[in-house]
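A.B. asks: Before I ask anything, let me first share the structure, which is written out below as structure tokens.
Numbering (our numbering), first residue to last: 21 to 498.
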């Protein structure tokens, strides 16, 4: 008998809650008191470890001198950080508690990689540096939303600028070169027997799409490990698995000859639907609301795998940079259309080579993104490159060897039980010429985490995470 009044009360309460949330969001933007930091990476670049260590370093704050180049800490203005309830209840939580436990366990292990969208919010309390701000308020709080999402989703954004037939031609061009050429053969053989102008049937579309998906998965899996793979949801389908949105593939056909109801026309329609319902939705719901973006790259793995893989990695980075061709977000434009105005490219696992190679590592990454980074900078996006280690797992040891002083690394290689001392080799500071790839010049090993005797309140060792934090957040903590 009293159901209707309760329903009205609940509905009114929901409206009030939504209105309050919208007002809070607007005030956060106006006061510049919220930062949405997006984190993604190319194939197996260490994204989960990076986010976990970043959160850990902020929660530890100034303890044990762990962030000397994070300006707000160096100036003694950092007062603390803590995790708080995330604002978006429809997005999965980034499970920091599980990931940090994996690193702190004995024996410790790298946390499992994430493969979807997740989020965590931190409240950071600090003392403002400006005279006016410090007089008005002795301390203030900024909310940092860290959004973890797959690199495949970022690589999908350029699809918005292509039609189906342009995209098809690009894929076929890529399949003319190793390593895609051999991997694509079963799918290409099937297409050679398929008439693109025949009447479309679901079974026909599904079979061609399945072979194309198998090809993409083979490109991503070890030991191939390519990163320039579209569409991204074919690799990480989630709840879209087996839907018509993911039942298409490139077709050899011109736009003029594709008649209504044909295989080519239906494939083209589904490609456009994928762009609108998946790619554009990600842009509108998430990407357009990010303030800062970091892209993680495993340069060492790219060098190990040879020139074809390295070229594919370069193509991915250039494609990513095409998404940042807009100007710096002013306060007024931020109120209505926030945009990324700082972009950081990071070469991860810097501790897997000797310390004297870190400069080359950073310079090589900078050269890979240079041209498009300059274009983004022209439009007001501040772009930086760094070489970091989210969690240090080795140490550099300088020793005499055949009359020369060489830098070695000591650590526990992946799959081994004991530490070894080895010479990891050198990293070129420029993109290698064809002759530089002869033989097995590059053979960088991966290492297990080296955290022994660490208690739960101890700080994880890192390399240059404080510099990354200062670039991404420093201007917001003044």
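Glycine included, every Cβ here is placed at the ideal spot set by N, Cα and C.
Check for me: the beta strand (DSSP E) holding residue 168 runs from which residue to which?
C.D. replies: Residue 168 -> beta strand (DSSP E) spans 160-168.
A.B. asks: Relative to the C-alpha of residue 465, which candidate in 290, 440 and 363 has its C-alpha closest?
C.D. replies: The shortest Cα separation from residue 465 among 290, 440 and 363 belongs to 440.
A.B. asks: Per the contact definition of three or more C-beta pairs closer than 8 Å, is the stretch 143-150 in contact with the stretch 214-222?
C.D. replies: Taking 8 Å as the limit for Cβ pairs, the verdict is that the stretch 143-150 does not touch the stretch 214-222.
A.B. asks: If you draw a straight line from the C-alpha of residue 229 to the C-alpha of residue 180, how long is it?
C.D. replies: Computed Cα separation, rounded: 20 Å.
A.B. asks: Name the residue from 269, 293 and 415 whose alpha carbon lies nearest to the alpha carbon of residue 283.
C.D. replies: When only C-alpha atoms are compared, the closest one is 269.
A.B. asks: Could you name the residues of the same chain whose beta carbon sits closer than 6 Å to that of residue 173, not counting the 5 residues immediately before and after it, in chain order?
C.D. replies: Excluding positions up to five away in sequence, the list reads 252 and 302.
A.B. asks: Compare the Cα-Cα distances from residue 312 to each of 176, 166 and 463 and report the closest residue.
C.D. replies: The shortest C-alpha separation from residue 312 is found at 166.
A.B. asks: Measuring straight from C-alpha to C-alpha, what distance separates residue 122 and residue 140?
C.D. replies: So the alpha carbons of these two residues sit roughly 18 Å apart.
A.B. asks: Going by the DSSP bridge assignment, what does residue 218 pair with across the sheet?
C.D. replies: Answer is none; residue 218 lacks a bridge partner.
A.B. asks: Just how far apart, CA to CA, sit residue 482 and residue 225?
C.D. replies: Whole-angstrom Cα-Cα distance: 49 Å.
A.B. asks: Going by DSSP, what residue range makes up the beta strand (DSSP E) through residue 139?
C.D. replies: Note, residue 139: beta strand (DSSP E), 138-146.
A.B. asks: Who pairs with residue 467 in a beta bridge, going by DSSP?
C.D. replies: The partner list for residue 467 (beta bridge, DSSP) reads 433.
A.B. asks: Can you list, in chain order, the residues of its chain whose CB lies under 6 Å from that of residue 367, leaving out five sequence neighbours each side?
C.D. replies: 317, 319, 381, 385 and 407.
A.B. asks: Express the C-alpha separation of residue 360 and residue 304 in angstroms, rounding to a whole number.
C.D. replies: Approximately 13 Å, taken between the alpha carbons.
A.B. asks: Please state whether the Cβ-Cβ distance between residue 327 and residue 273 is less than 7 Å.
C.D. replies: Their beta carbons are not under 7 Å apart, which means residue 327 does not touch residue 273 by this criterion.
A.B. asks: Could you tell me whether the Cβ atoms of residue 435 and residue 414 are closer together than 7 Å?
C.D. replies: No, these two residues do not count as a Cβ contact at 7 Å.
A.B. asks: Considering just the uninterrupted stretch of the beta strand (DSSP E) at residue 103, what are its terminal residues?
C.D. replies: 98-104 is the span of the beta strand (DSSP E), which, as asked, contains residue 103.
A.B. asks: Which two residues bound the contiguous alpha helix (DSSP H) that contains residue 322?
C.D. replies: Per DSSP, residue 322 belongs to the alpha helix (DSSP H) from 319-325.
A.B. asks: At the level of alpha carbons, what is the spacing between residue 81 and residue 463?
C.D. replies: About 36 Å.
A.B. asks: For residue 109, count neighbouring C-beta atoms within 10 Å of its own C-beta (all shown protein chains included) and say buried if the count is 16 or more, exposed if not.
C.D. replies: Counting Cβ neighbours within 10 Å, residue 109 comes out exposed, since fewer than 16 surround it.
A.B. asks: I need the straight-line Cα distance from residue 329 to residue 373, nearest angstrom please.
C.D. replies: Distance between the alpha carbons of residue 329 and residue 373: 20 Å.
A.B. asks: When DSSP labels each residue in this structure, what does residue 197 get in the three-state scheme?
C.D. replies: Here residue 197 sits in coil by DSSP.
A.B. asks: With respect to the alpha helix (DSSP H) encompassing residue 288, which residues constitute its N-terminal and C-terminal limits?
C.D. replies: Note, residue 288: alpha helix (DSSP H), 283-294.
A.B. asks: In the DSSP assignment, find the unbroken alpha helix (DSSP H) run with residue 59 in it and report its ends.
C.D. replies: Taken as a continuous stretch (DSSP letters only), residue 59 belongs to no alpha helix (DSSP H), being part of the beta strand (DSSP E) at 54-61.
A.B. asks: For residue 525 and residue 459, what's the separation of their Cα atoms in angstroms?
C.D. replies: A question about residue 525 goes unanswered here, because the residues of the chain that appear run from 21 up to 498.
A.B. asks: I need the straight-line Cα distance from residue 267 to residue 250, nearest angstrom please.
C.D. replies: Those two C-alpha atoms are separated by around 13 Å.
A.B. asks: Using alpha carbons as the reference points, say which of 79, 396, 412 and 103 lies closest to residue 343.
C.D. replies: Measuring from the Cα of residue 343, the nearest candidate turns out to be 396.
A.B. asks: Is residue 377 buried or exposed, if buried means 16 or more other CB atoms sit within 10 Å of its CB?
C.D. replies: It is buried - the Cβ of residue 377 has at least 16 other Cβ atoms within 10 Å.
A.B. asks: Output the distance between the C-alpha atoms of residue 452 and residue 417, rounded to the nearest integer angstrom.
C.D. replies: Roughly 27 Å between the two C-alpha positions.
A.B. asks: For the alpha helix (DSSP H) that residue 398 lies in, which residues bound it at each end?
C.D. replies: Looking at the DSSP string, the run of the alpha helix (DSSP H) that includes residue 398 is 378-398.
A.B. asks: Any idea what DSSP makes of residue 152, helix, strand or coil?
C.D. replies: Model confidence at residue 152 stands at a pLDDT of 49, short of 50, so the residue's coordinates are unreliable and nothing is read from them.
A.B. asks: When DSSP labels each residue in this structure, what does residue 406 get in the three-state scheme?
C.D. replies: The answer is strand: DSSP assigns residue 406 an E or B state.
A.B. asks: Buried or exposed: residue 63, going by 16 or more other Cβ atoms within 10 Å of its Cβ?
C.D. replies: By the 10 Å Cβ count, residue 63 comes out buried.
A.B. asks: Count the other C-beta atoms from every protein chain shown that fall within 10 angstroms of the C-beta of residue 176, then say buried if there are 16 or more, exposed otherwise.
C.D. replies: Result: buried.
A.B. asks: Less than 7 Å between C-beta atoms, sequence neighbours within five positions excluded: which residues of the same chain meet that for residue 160?
C.D. replies: Within the same chain, residue 160 has close Cβ partners 146 and 148.
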